[in-house]
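Read in the numbering used here, the first sequence has 260 at position 274, and its numbers run on one by one without any break.
Glycine is no exception: its CB is placed at the ideal position from the N, C-alpha and C atoms.
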Amino acid sequence: MPELPEAETIRRGLAAPLRGRVVRRVRIPRPDLLTQESDRFTSLVEGARFLDVGRRGKNLVFELAAVDENDPHLRMVVNLGMSGGMTLLRADDDSTGPSHPGVVFDLDGEGALIYHDVRRFGRLTVFGSRAFSNWSQALGPEPLDSSFTPSSLADGLSGSRSPIRSWLLDQKRIAGVGNIYANEALFGARIHPRTPANRISADDSRGLHHALQRILRDAIRARGTTLQDYRTALGTPGSYASDLRVYGREGRPCARRCGGTVERLVFSNRSSFFCPRCQPEPSSLN
DNA sequence: CGTGCCCCCTGTCAGC
DNA sequence: TGCTGACAGGGGGCAC
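Laid out in structure tokens, this is it:
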């Protein structure tokens, strides 16, 4: 479900209302969502105060002022997996809340922050400063940061023979790109999804850099892509689905009206969508 | 080390 | 109507 634009949208919806709130109690209907013992998770988070909500790649990063003075700055990292989401429930909200609650953070005064996840592929982890830094360093650059440049992208591509679609999905290489935006960016840059990363020309890697940034920014502006169950923190769908040009469009005419038809190709167990006329297969692949 | 494949889990939809 | 299989936004582990 959620890639960078969806995580960013949820972050924006949560940051202001959460700031300063204290976690009164943690309830864990689905302990398998935690990477730590639930007792340890609970003891770290209960009583802590939300300072801010950040994001790293597809992960939400909740900055917490801890109760324990030894490591006063905790970060709770939430990976949303395929179907995870975060909802802020107000005390006067008489709805039943999300249908698949996984971890519930009761807040001081009123209301609750709820992590919900039908498929339960998501994970929540609490890090101290040191461990967080190590975790973050293992991820690739943020594609919307100024440090991510056409030349840094070209450098990264040059060292790998991976198909470019797989390369883009690898969070150690770039953080935050998932299957939807990888395919959309490759269409934008007219690169076949199976092209080996190290065979992408300098021109094409500049085009890919540009397409990635443009598509991710546009998708954030649209509050993400809702195909089925993704919702913002406010429960509303994102609208970028109507801007998709290849993802999920197998058999439909190419958005460029080139006369081609969008095709679906499966590799690494994931579907890839592309226009065979705009994104010709590199000759030696066959 | 890099890469591809399977699996985790639940829900939805197409086809019969 | 109901069954079955394919497929879904992610990523860890394992074999090669």
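Cβ-based burial, residue i [other Cβ within 10 Å; buried from 16]
i	result
P58	exposed
C240	buried
Q214	exposed
F253	exposed
L220	exposed
S228	exposed
Y233	buried
N272	Model confidence at N272 stands at a pLDDT of 46, short of 50, so the residue's coordinates are unreliable; what they give is reported in the following sentence. With fewer than 16 Cβ atoms within 10 Å of its Cβ, N272 is classed as exposed.
A188	exposed
T(-5)	buried
G210	buried
R242	exposed
G83	exposed
C261	buried
R235	buried
N255	exposed
A183	buried
P129	buried
R147	exposed
G145	exposed
D190	buried
G(-1)	buried
N56	exposed
Cβ-Cβ distance between residue i and residue j below 7 angstroms
i	j	result
A175	A197	yes
G43	Q157	yes
N165	G108	no
V36	L75	The residue you asked about is not Val; residue 36 is Phe in the sequence shown. No, the Cβ-Cβ distance between F36 and L75 is not below 7 angstroms.
L60	L46	no
G40	R217	no
S69	D103	yes
L19	L110	yes
Q265	H195	no
T342	G224	Outside the displayed span of the chain (-13 to 272) sits residue 342, for which this structure offers no information.
P127	S119	no
L186	L143	What sits at residue 186 in the sequence shown is Ile, not Leu. Going by C-beta atoms, I186 is nearer than 7 angstroms to L143.
G246	R263	yes
E(-11)	Y167	yes
E170	I201	yes
Reduced DSSP secondary structure (H/G/I, E/B, other) of residue i
i	result
T222	coil
V47	strand
Y216	coil
D38	strand
G174	helix
N65	strand
N272	Here N272 scores only 46 on pLDDT, less than 50, and its place in the model is too uncertain to base an answer on.
L125	coil
D141	helix
P3	helix
L30	helix
G273	Nothing can be reported for residue 273, as the shown portion of the chain is limited to -13 through 272.
G70	strand
P(-9)	helix
P239	strand
L20	strand
Q157	coil
A205	helix
F134	coil
D54	coil
G193	helix
In DSSP terms, what residue i is bridged to
i	result
E249	F260
R13	V90
Y233	According to DSSP, Y233 bridges with nothing at all.
A98	L75 and D92
F113	R61
T211	S225
P182	P149
D103	G70
V8	R35
heavy atom of the ligand HEM below 6 angstroms from residue i C-beta
i	result
L130	Looking for the ligand HEM in the displayed structure turns up nothing, as the structure carries no ligands at all.
*Is it true that the region 138 to 152 meets the region 203 to 210, where meeting means three or more beta-carbon pairs spaced less than 8 angstroms apart?*
no
_At least three beta-carbon pairs within less than 8 angstroms, the region 10 to 26 to the region 81 to 94_ = yes
*Is the region 94 to 104 touching the region -12 to 8 in the sense that three or more CB pairs, one from each, lie closer than 8 angstroms?*
yes
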